[in-house]
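Down below is the structure, laid out as structure tokens.
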Amino acid sequence: MSTFNQIRTILSQKTIGIAGAGGLGSNCAASLIRSGIGKLIIADFDVVTDANLNRQFFFHDQIGERKVDALRDNLLRICPFASLQMHNIKVSPENISLLFSTCDIVVEAFDLADQKQMLIEYMLENLPQIPVVAASGLAGWGGADMLRTIRSGSLYICGDETSEVSDENPPLAPKVNIVSNLQADTVLGILLSENK
Amino acid sequence: MKIMLNNREEQFDAHTLTVAQIMEIKSFTFRMLVVRLNDTLIKKEEYSSASVNDGDDLKIIHLVSGG
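Those protein sequences? They're chains Z and X, same order as listed.
Take 2 as the starting number for the first sequence in the working numbering and just add one per residue.
Take 42 as the starting number for the second sequence in the working numbering and just add one per residue.
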């Protein structure tokens with residue numbers, strides 16, 4: 002076991018990439034910053050809307066702001082000394098290496114399944130030395146005890162793998178927060194077990 | 042053959058099967074999947090050629106939207 006100061010000393014030297022700053026990415030980033038991660042590289046091309054506020058780490062007076070700008074402001078309110086590299090860009094196979102090749106771990110925090118698959122496959126093929134912590138299955142309410150993390154080599158997937166978001170099964174704060182924090186906890190687990 | 046499928050032991054009558062055949066037998070119907078055979082990524086175009094043999098570790102992970 003380690004004291005928080007020992008943990009923070011290890012984490013302060015680490016860089017985590019987060020692809021997407023929505024429900025998963027914004028909440029995961031907040032937990033990682035609170036834990037003492039030294040540097041975050043976050044990419045998203047979206048703007049904060051009223052509909053995001055049911056689960057994402059933004060505030061009503063930030064509606065209309067670019068998510069990367071609003072999230073930077075919020076994270077710096079938690080830790081003014083954090084090193085944040087924010088990119089207002091759509092993540093694609095053309096820019097993944099450029100964005101994330103210096104990261105110790107990359108968190109997949111997209112909304113759409115085909116985007117998730119794109120990032121996971123790109124990372125496994127081109128940057129296989131970097132662990133990927135992805136999410137799948139977090140819609141609606143109930144069944145929170147089904148949320149878990151499965152691992153295959155350097156790929157970790159958090160969620161229940163079945164509850165897909167739709168109009169009748171929207172994403173809601175509790176399960177989105179649980180899964181984004183399962184991702185953050187998996188990141189800490191990887192980083193801290195390296196140093197045991 | 043006996044394999045590990047998603048961390049569970051599974052027995053099949055055949056000595057070898059392709060990833061596509063196992064998906065059909067086990068009814069994996071989701072559109073977006075990540076497939077890893079002994080921790081190696083198997084892409085969609087390889088599902089019907091990649092063969093699974095006794096003792097292999099196969100993971101077929103569903104990707105669903107939401108985030």
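For each residue, glycine too, the CB sits at the ideal point set by N, CA and C.
task = Count the other C-beta atoms from every protein chain shown that fall within 10 angstroms of the C-beta of Phe5 of chain Z, then say buried if there are 16 or more, exposed otherwise.
result = exposed
key: Residues in the segment 51–62 of chain X having any Cβ partner in chain Z nearer than 9 Å   = Within the segment 51–62 of chain X, not one residue has a Cβ closer than 9 Å to any Cβ of chain Z.
message = Is there a Cβ of chain Z sitting closer than 7 Å to that of Val105 of chain X, yes or no?
response = yes
key: Member of X:Val105, X:Ser90, X:Ser106 and X:Ile102 whose CA lies at the smallest distance from the CA of Leu58 of chain X   = X:Ser90
request  = Taking C-beta pairs closer than 7 Å, name the residues in chain X that Gln118 of chain Z reaches, listed in chain order.
outcome  = For Gln118 of chain Z, the neighbours in chain X by C-beta distance under 7 Å run, in chain order, Met73, Val75 and Leu104.
Secondary structure, beta strand (DSSP E): runs of 3+ residues fully inside the segment 82–106 of chain X = You should have 92–94 and 98–103.
inquiry  = Does chain X have any CB closer than 7 Å to the CB of Ala140 of chain Z?
reply    = yes
query = What residue ranges within the segment 74–102 of chain Z form continuous beta strand (DSSP E) runs of no fewer than 3 residues, ordered along the chain?
reply = 84–89
ask   = For Leu82 of chain X, which residues in chain Z fall below 7 Å Cβ to Cβ?
value = Glu122, Leu125 and Glu126
query = Per DSSP, Val108 of chain Z is paired with what?
reply = Z:Ile19 and Z:Val134
query = Between the Cα of Gly65 of chain Z and the Cα atoms of Z:Asp47, Z:Phe58 and Z:Ile79, which residue gives the shortest distance?
reply = Z:Asp47
inquiry  = How far does the beta strand (DSSP E) with Gly143 of chain Z in it extend, from its first residue to its last?
reply    = Unbroken run through Gly143 of chain Z: none, as it is neither H nor E.
ask   = How far does the alpha helix (DSSP H) with Leu183 of chain Z in it reach, from first residue to last?
value = Ala174 to Glu195
key: Proximity winner among Z:Gly23, Z:Asn178, Z:Gln57 and Z:Gly141, relative to Ala44 of chain Z (alpha-carbon distances)   = Z:Gly23
key: Same chain only: Cβ atoms within 6 Å of Phe53 of chain X, ignoring 5 sequence neighbours per side   = Met42
query = What residues of chain X sit near Gly24 of chain Z, judged by a beta carbon separation below 7 Å?
reply = Gly108
request  = Taking a Cβ distance cut-off of 8 Å, strictly less, list which residues of the segment 5–35 of chain Z are near chain X, in chain order.
outcome  = Using a CB distance below 8 Å, the part of the segment 5–35 of chain Z facing chain X consists of Gly21, Gly23, Gly24, Leu25 and Gly26, ordered along the chain.
query = If the cut is a Cβ gap below 9 Å, which residues of chain X does Glu162 of chain Z touch?
reply = Phe71, Ile102, His103, Leu104 and Val105
ask   = Using the beta-carbon of each residue, which ones in chain X are nearer than 9 Å to Val166 of chain Z?
value = Val105, Ser106, Gly107 and Gly108
key: Counted within 10 angstroms of its Cβ, other Cβ atoms place Asp161 of chain Z as buried (16 or more) or exposed   = buried
key: Contact set between the segment 173–188 of chain Z and chain X, restricted to residues whose Cβ is under 8 Å from the partner   = Val177
message = Below 8 Å on the Cβ atoms is my contact criterion, and I expect Leu156 of chain Z with Val133 of chain Z to pass it. Report the Cβ-Cβ distance as a whole number of Å.
response = Rounded, the Cβ-Cβ distance is 5 Å, consistent with contact.
ask   = Leu86 of chain Z and Ile42 of chain Z: beta carbons closer than 7 Å?
value = The question names Leu, but residue 86 of chain Z in the sequence shown is Gln. Yes.
key: Length of the line joining the Cα atoms of Ile143 of chain Z and Asn53 of chain Z   = In the sequence on display, residue 143 of chain Z carries Gly and not Ile. When rounded, the distance between both Cα atoms is 20 Å.
ask   = So, helix, strand or coil for Val48 of chain Z, using DSSP?
value = Collapsing the DSSP output to three states places Val48 of chain Z in a strand.
request  = Taking Ile11 of chain Z as part of the alpha helix (DSSP H), name the residues at either end of that continuous run.
outcome  = Phe5 to Leu12
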